[in-house]
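Peer 1: Position 293 of the sequence shown, counting from 1, maps to 293 under UniProt numbering, and the rest follow consecutively.
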Amino acid sequence: MLNFNVNKRVCKMLEIKDLINFNKEIQIEAFYHAIQIYLKKPQVVNRKLNTTKNILTARTKEKTENLLKVLSSNEDEADILKLRDVEHFNTKLEDEFNHMDEHQEEILFSYDKIIPRNVSKHKSCYQLTIFCKRSNSVSFYAINDCTKILPDFNYTIKFSNNQLQLLLNSNHFQQETNWLQFVLIKKLCSWIESYEEDTNERIESHSLINDEEYSSLYAELKEKYGRKFEEIWTEEVTDPKKYIYEDIAIAAYLITFWKSQQEKKQSFLDFGCGNGLLVAILSLEGYKGYGIDLRKRKIWSKFDSSIDLREVTWSPTTNLNDVDWIIGNHSDELSPWVPVVAAQNSISCNYFLLPCCAFEFSGTKFQRRGPMKSLYMSFIDYLTEISTTCGFKSTLIDRLKIPSTKRICLIGTGRVYESDEFQKYSKKVQDFVDASNKEFTPREKELNVRNCTKIDKNLSEKIVRIIFDALLSEQKILENSNWNCGTEIYLSDAVKLISSDDLKKLKFENGGLQTLLRNKHQIFEVRSGKLKIRKPKRIAERTMSKKVVLKSSPCYFHLYHKQGCPLNDEECCYKH
Numbered sequence: 001m002l003n004f005n006v007n008k009r010v011c012k013m014l015e016i017k018d019l020i021n022f023n024k025e026i027q028i029e030a031f032y033h034a035i036q037i038y039l040k041k042p043q044v045v046n047r048k049l050n051t052t053k054n055i056l057t058a059r060t061k062e063k064t065e066n067l068l069k070v071l072s073s074n075e076d077e078a079d080i081l082k083l084r085d086v087e088h089f090n091t092k093l094e095d096e097f098n099h100m101d102e103h104q105e106e107i108l109f110s111y112d113k114i115i116p117r118n119v120s121k122h123k124s125c126y127q128l129t130i131f132c133k134r135s136n137s138v139s140f141y142a143i144n145d146c147t148k149i150l151p152d153f154n155y156t157i158k159f160s161n162n163q164l165q166l167l168l169n170s171n172h173f174q175q176e177t178n179w180l181q182f183v184l185i186k187k188l189c190s191w192i193e194s195y196e197e198d199t200n201e202r203i204e205s206h207s208l209i210n211d212e213e214y215s216s217l218y219a220e221l222k223e224k225y226g227r228k229f230e231e232i233w234t235e236e237v238t239d240p241k242k243y244i245y246e247d248i249a250i251a252a253y254l255i256t257f258w259k260s261q262q263e264k265k266q267s268f269l270d271f272g273c274g275n276g277l278l279v280a281i282l283s284l285e286g287y288k289g290y291g292i293d294l295r296k297r298k299i300w301s302k303f304d305s306s307i308d309l310r311e312v313t314w315s316p317t318t319n320l321n322d323v324d325w326i327i328g329n330h331s332d333e334l335s336p337w338v339p340v341v342a343a344q345n346s347i348s349c350n351y352f353l354l355p356c357c358a359f360e361f362s363g364t365k366f367q368r369r370g371p372m373k374s375l376y377m378s379f380i381d382y383l384t385e386i387s388t389t390c391g392f393k394s395t396l397i398d399r400l401k402i403p404s405t406k407r408i409c410l411i412g413t414g415r416v417y418e419s420d421e422f423q424k425y426s427k428k429v430q431d432f433v434d435a436s437n438k439e440f441t442p443r444e445k446e447l448n449v450r451n452c453t454k455i456d457k458n459l460s461e462k463i464v465r466i467i468f469d470a471l472l473s474e475q476k477i478l479e480n481s482n483w484n485c486g487t488e489i490y491l492s493d494a495v496k497l498i499s500s501d502d503l504k505k506l507k508f509e510n511g512g513l514q515t516l517l518r519n520k521h522q523i524f525e526v527r528s529g530k531l532k533i534r535k536p537k538r539i540a541e542r543t544m545s546k547k548v549v550l551k552s553s554p555c556y557f558h559l560y561h562k563q564g565c566p567l568n569d570e571e572c573c574y575k576h
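Structural data, given as structure tokens:
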């Protein structure tokens, strides 16, 4: 039990700022479950934060005021860590809480380091969280200057009589109290109400790495490569920001994990490397490796000549170099093969797999097994089964912090057998693959593009003109001009304007009318299921917002609008 001999400090009385009633009976476990989610993943409700690092968790009968005094006077983490040598210390908050007796006069506290998303702009700070089981309340205290990323005043969240209460002093900035009331409390309510429905085992984000080290490295790599790769991006149909910063995050994760496992820099093969960004980042950071893909990308030629990217149509008989790691980064139909390739590469080869679309060994779509799990989670189970069959000693699962709905990764390391059994296990793995009774068929090297960009030109022009004229049939004058910008209609109504034969042709293009109209972004604006004519932008407006190619195509309004284009030739981004 912690004991402190320090002067008592009086805390100001708190008043109820917000009170929420639940429509159904709520278990107290749901309240603490929601609080623990917030403590572990504060970035979900506060975009200024990246993660937290627990420094100390313990139980004590000491006064809160005394606890605050001790922690605020020992800002050095090393000093705080000395307090670990106390009775009942445990870094697992939920385990420690379950041991508390609600009739005892003791509290549980968690002392955490709060790590900001932008480490170059904001400093890390510390937060003390006090749990009181007698009153079913949780109090939060900023230990040092947190004003830029957290409320700098203490507040309490309490559960009583099936109500969630927010208690704080009234003399604080409205912006900070608004965040507590309308963001944090609402999110806690959502987690509380979904507690009983959430029966799946949770996979915590970055549970296998030091998140503080990752955050620092990610910021460094983002600064080093983000803008650089944006400037050389050549993949026209993809969003550079999504792909570049996602691969920077994956590289930061891998490097952080590797450093925690091995002092030696690891070698790798990116299996189905796509645009090659991950290979480029890892290589530039000093990790020896290469990437293969059946189709060369334009951006490959923009990378440094030292980046090893190879155009290879892989099959199970393809010979690959010995490496420490096989990487499968959204490798689609190659995903189930990643553990197999790693197992057969060498006894010391490991793998990292971030699966996206679900496929069988044959390259056909994976079918969900059982009704209780989603297709994605069923596929994760299938990949885990493959990993076990391949003889990996450990198959770890983690969740990455990337802008994607498919964020779960698998990491296979070690073997359950000795080196003299390698050939025997390689045959066992091959027998497992052969049991599917189907050979792997790689996708075509030349992809058939079906996103309405290759649609027959006459059909495209016909449909665009029908929609364009329909929008202009009802007059609406553009502000500060006499130009008719037309009405706004629902996409469902726009569909009715097109013949069934033409709609069938569009459907074959894997997108339909909405995809076609979105591709015509010079003319139309599609948002929230509605469609209208886009207001023409001046050159000055376009060049201020982003890099654009000017005067590359004719101005549609100049050609087909009865009043022409509302901008003159010098102002318009398109040819008059």
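Glycine included, C-beta positions come from ideal geometry on N, C-alpha and C.
With a CB to CB cut of under 7 Å and the five nearest residues on each side skipped, what residues in its chain are close to cysteine 273?
Peer 2: Excluding sequence neighbours, cysteine 273 sits near Val279, Gly291, Ile292, Asp293, Leu309.
Peer 1: Any chance the stretch 213 to 220 sits against the stretch 54 to 62, with 3 or more Cβ pairs inside 8 Å?
Peer 2: Result no; under three Cβ-Cβ pairs closer than 8 Å.
Peer 1: What ranges does the beta strand (DSSP E) occupy inside the stretch 403 to 439, keeping only unbroken runs of at least 3 residues that lie completely in it?
Peer 2: If we require 3 residues or more, the beta strand (DSSP E) runs fully inside the stretch 403 to 439 come out as 408 to 415.
Peer 1: Mark tyrosine 556 as exposed unless 16 or more other C-beta atoms lie within 10 angstroms of its C-beta, in which case mark it buried.
Peer 2: Tyrosine 556 is buried by the Cβ-count criterion.
Peer 1: For alanine 142, count the other beta carbons within 10 Å of its own beta carbon; 16 or more makes it buried, fewer makes it exposed. Which is it?
Peer 2: Its Cβ being crowded by 16 or more others within 10 Å, alanine 142 is buried.
Peer 1: Which residue wins for smallest C-alpha separation from serine 118, given the options Lys298, Val138, Leu221?
Peer 2: Note on residue identity: the sequence assigns asparagine, not serine, to residue 118. Ranking the options by Cα distance to asparagine 118, first place goes to Leu221.
Peer 1: So which of Asp112, Asn23, Gly414 has the shortest CA-CA distance to leucine 49?
Peer 2: Nearest C-alpha to leucine 49: Asp112.
Peer 1: Is it true that the CB of isoleucine 281 sits closer than 8 Å to the CB of alanine 251?
Peer 2: Against a cut-off of 8 Å, the Cβ pair of isoleucine 281 and alanine 251 comes out as a contact.
Peer 1: Within 10 angstroms of the Cβ of serine 110, are there 16 or more other Cβ atoms? Answer buried if so, exposed if not.
Peer 2: Counting Cβ neighbours within 10 Å, serine 110 comes out buried, since at least 16 surround it.
Peer 1: Please tell me whether residue 577 and tyrosine 155 are closer than 8 Å, where the distance is taken between their beta carbons.
Peer 2: There is no way to answer for residue 577, as the model of the chain reaches only from 1 to 576.
Peer 1: Using 8 Å as the threshold, is the stretch 500 to 507 in touch with the stretch 526 to 537, meaning 3 or more CB pairs across them?
Peer 2: Short answer: they don't touch.
Peer 1: Buried or exposed: where does isoleucine 28 fall if 16 or more other Cβ atoms within 10 Å of its Cβ makes it buried?
Peer 2: Classification of isoleucine 28: exposed, given that the 10 Å Cβ count is below 16.
Peer 1: Should the stretch 452 to 466 be called in touch with the stretch 411 to 421, which here means at least 3 C-beta pairs below 8 Å?
Peer 2: Taking 8 Å as the limit for Cβ pairs, the verdict is that the stretch 411 to 421 does not touch the stretch 452 to 466.
Peer 1: Hey, is the stretch 338 to 357 in contact with the stretch 234 to 245, meaning 3+ C-beta pairs nearer than 8 Å?
Peer 2: In short, these stretches do not touch, since the Cβ pair count stays below three.
Peer 1: In terms of residue numbering, what span does the beta strand (DSSP E) encompassing aspartate 469 cover?
Peer 2: First-last for aspartate 469: 457 to 472, but that is the alpha helix (DSSP H), not the beta strand (DSSP E).
Peer 1: For threonine 234, does the count of other Cβ atoms within 10 angstroms reach 16, so buried, or fall short, so exposed?
Peer 2: Classification of threonine 234: exposed, given that the 10 Å Cβ count is below 16.
Peer 1: Just to confirm the assignment, what range does the beta strand (DSSP E) spanning phenylalanine 140 have?
Peer 2: Run containing phenylalanine 140: 137 to 142, per the beta strand (DSSP E) assignment.
Peer 1: For aspartate 247, count neighbouring C-beta atoms within 10 Å of its own C-beta (all shown protein chains included) and say buried if the count is 16 or more, exposed if not.
Peer 2: Buried.
Peer 1: Measuring only the C-alpha atoms, how far is alanine 470 from aspartate 502?
Peer 2: So the two alpha carbons sit approximately 17 Å from each other.
Peer 1: Whose C-beta lies closer than 7 Å to the C-beta of serine 207 among residues of the same chain, with five residues either side of it excluded?
Peer 2: Counting only Cβ-Cβ distances below 7 Å, and skipping sequence neighbours, we find Asp398.
Peer 1: Using only alpha-carbon positions, find the residue among Cys573, Ile489, Asn519, Ser473 that is nearest to histidine 561.
Peer 2: Comparing Cα positions, the closest option is Ser473.
Peer 1: Could I get the ranges of all uninterrupted beta strand (DSSP E) runs contained in the stretch 331 to 387, with 3 residues as the minimum, in chain order?
Peer 2: List check, beta strand (DSSP E) in window: 350 to 354.
Peer 1: With burial defined as no fewer than 16 other Cβ atoms inside 10 Å of the residue's Cβ, what is the status of cysteine 573: buried or exposed?
Peer 2: When all chains shown are included, cysteine 573 counts as buried.
Peer 1: State the start and end residues of the unbroken alpha helix (DSSP H) segment that holds tyrosine 195.
Peer 2: No alpha helix (DSSP H) contains tyrosine 195, which DSSP labels as neither H nor E.
Peer 1: Taking DSSP as the reference, what is the three-state secondary structure of phenylalanine 153?
Peer 2: Phenylalanine 153: coil per DSSP, three-state reduction.
Peer 1: I need the straight-line Cα distance from isoleucine 255 to aspartate 270, nearest angstrom please.
Peer 2: Roughly 14 Å separates the two Cα atoms.
Peer 1: To the nearest angstrom, report how far apart lysine 373 and phenylalanine 379 are at their CA atoms.
Peer 2: Lysine 373 and phenylalanine 379: Cα-Cα distance of roughly 9 Å.
Peer 1: Give the straight-line distance between the Cα atoms of serine 139 and serine 190, rounded to the nearest whole angstrom.
Peer 2: C-alpha separation (whole angstroms): 20 Å.
Peer 1: Among His33, Phe392, Leu516, Gly512, which has the Cα closest to the Cα of phenylalanine 159?
Peer 2: When only C-alpha atoms are compared, the closest one is His33.
Peer 1: My guess is that isoleucine 192 and alanine 30 are in contact by the Cβ rule of under 8 Å, so how many angstroms apart are they, rounded?
Peer 2: That pair is a contact at about 5 Å.
Peer 1: I believe serine 335 touches leucine 353 by the beta-carbon criterion, under 8 Å. Please report the beta-carbon distance rounded to the nearest angstrom.
Peer 2: Contact holds; Cβ gap of about 6 Å.
Peer 1: Can you say whether serine 137 is buried or exposed, counting buried as having 16 or more other CB atoms within 10 angstroms of its CB?
Peer 2: Classification for serine 137: buried.
Peer 1: At which residues does the alpha helix (DSSP H) containing lysine 113 begin and terminate?
Peer 2: That residue, lysine 113, is in no alpha helix (DSSP H); its beta strand (DSSP E) goes 107 to 116.
Peer 1: Going by C-alpha distance, which of Ser387, Lys393, Ala358 is nearest methionine 377?
Peer 2: The shortest C-alpha separation from methionine 377 is found at Ala358.
Peer 1: Please report how far the alpha carbon of lysine 123 lies from the alpha carbon of lysine 148, in whole angstroms.
Peer 2: C-alpha separation (whole angstroms): 9 Å.
Peer 1: Locate the alpha helix (DSSP H) running through aspartate 304, then write down its first and last residues.
Peer 2: No alpha helix (DSSP H) contains aspartate 304, which DSSP labels as neither H nor E.
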